[in-house]
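Engineer: Numbering (the working numbering), first residue to last: 10 to 348.
The beta carbon of each residue, even a glycine, is placed where N, CA and C say it ideally should be.
#1: So what does DSSP say about residue 13, is it helix, strand or coil?
#2: Please state whether the Cβ-Cβ distance between residue 341 and residue 259 is less than 8 Å.
#3: Helix, strand or coil for residue 96, going by three-state DSSP, please let me know.
#4: Please classify residue 260: does DSSP put it in a helix, a strand, or coil?
#5: What's the gap between the Cα of residue 34 and the Cα of residue 25?
#6: Tell me the rounded alpha-carbon separation between residue 263 and residue 284.
#7: Whose C-alpha, out of 197, 304, 303, is nearest the C-alpha of residue 330?
#8: Drop a sphere of 10 angstroms on the beta-carbon of residue 49, count the other beta-carbons inside from all chains shown, and report buried for 16 or more, exposed for fewer.
#9: Could you check the C-alpha separation between residue 288 and residue 68 for me, to the nearest Å?
#10: Is the stretch 185–192 touching the stretch 160–168, taking contact as three or more C-beta pairs under 8 Å?
#11: Compare the beta carbon distance of residue 62 and residue 42 with 8 Å and say whether it is the shorter of the two.
#12: Got a sec? Which residues, its chain only, sit under 6 Å from residue 11 by beta carbon, not counting five neighbours each side?
#13: Leaving aside the five residues before and after residue 56 along the sequence, list all residues of the same chain whose C-beta is less than 6 Å from its C-beta, in chain order.
#14: Near residue 245, what residues of its chain come up, given a Cβ to Cβ distance below 7 Å and the 5 sequence neighbours on each side ignored?
#15: Give the single residue among 37, 339, 266 whose Cα lies nearest to the Cα of residue 89.
#16: In angstroms with no decimal places, state the Cα-to-Cα distance between residue 219 and residue 322.
#17: Just to confirm, is the Cβ distance from residue 104 to residue 77 under 8 Å?
#18: At a cut of 8 Å, does the stretch 290–309 reach the stretch 222–238 through at least three beta carbon pairs?
What follows is the structure in structure tokens.
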């Protein structure tokens, strides 16, 4: 059973949904507990159950959630609790202790660099064993969180390459027509939440330079910063350069683009990086967790320090060279298993 939180449009919930689909195809019986909010379609009409629990509301909500979980686990055989957020670990420990034999708990760390001091130290329980997707995340767990190395396993996140096939010129033209992208210039893409750790405002700064003729920037996602993003686009007259798209299957967005740009302050791995690479997009990302596993510098993409001016400089250089982007995109496809 996967224990999550309040669902949103970030990659974590797509990861959980895809993981459960894969487990079910292998003959296992996954289940997910959480509070449906922004991504109901990810968990609708699935052959495995969603267990609705309240994830907001303080102590009262937590007690109610614990009661729901305990009843569900009492009535259904569970071999493993797989926790994806720190707060549900409190419930996981109590549900696990109630069972005989006691249930093991696996914790997947989706973001390194999270606060672990003060009250967060009390909540920083990383399970009986921790799964991380990158070397950077493992090192953070050991050095900052004090988790023993033998309690950590590195398994990079994966995708089904057949779900993200190579983009042909025909597919690209069709995607651009569908999304009403009409330009002879480069098309840069961002897929993710619109919230502060993602630094999506850096992409608006890129558009505001007006240094790349015909540049189109696609922002695909929703989040708390969306009103501010829309207001700035209107205020600075960026409507012809920056286009916002709702959370949806990202494949058409990848097919319409020439490169993926990720200026995040923190990442756990970045599932969208390997999805985009699988379709033939080079990636420019800040050096957050997962970069080592995905970016071969100058071959499948580029990376920069987590610094505004450095990212903008590299972005301007990369998107101004269509030949270089196509070369790196081809190598990115090959890294993802396409030949």
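Structural biologist: Looking at the atomic coordinates:
#1: strand
#2: no
#3: helix
#4: helix
#5: 14 Å
#6: 8 Å
#7: 197
#8: exposed
#9: 45 Å
#10: no
#11: yes
#12: 25, 41, 91
#13: 33
#14: 217
#15: 37
#16: 13 Å
#17: no
#18: no
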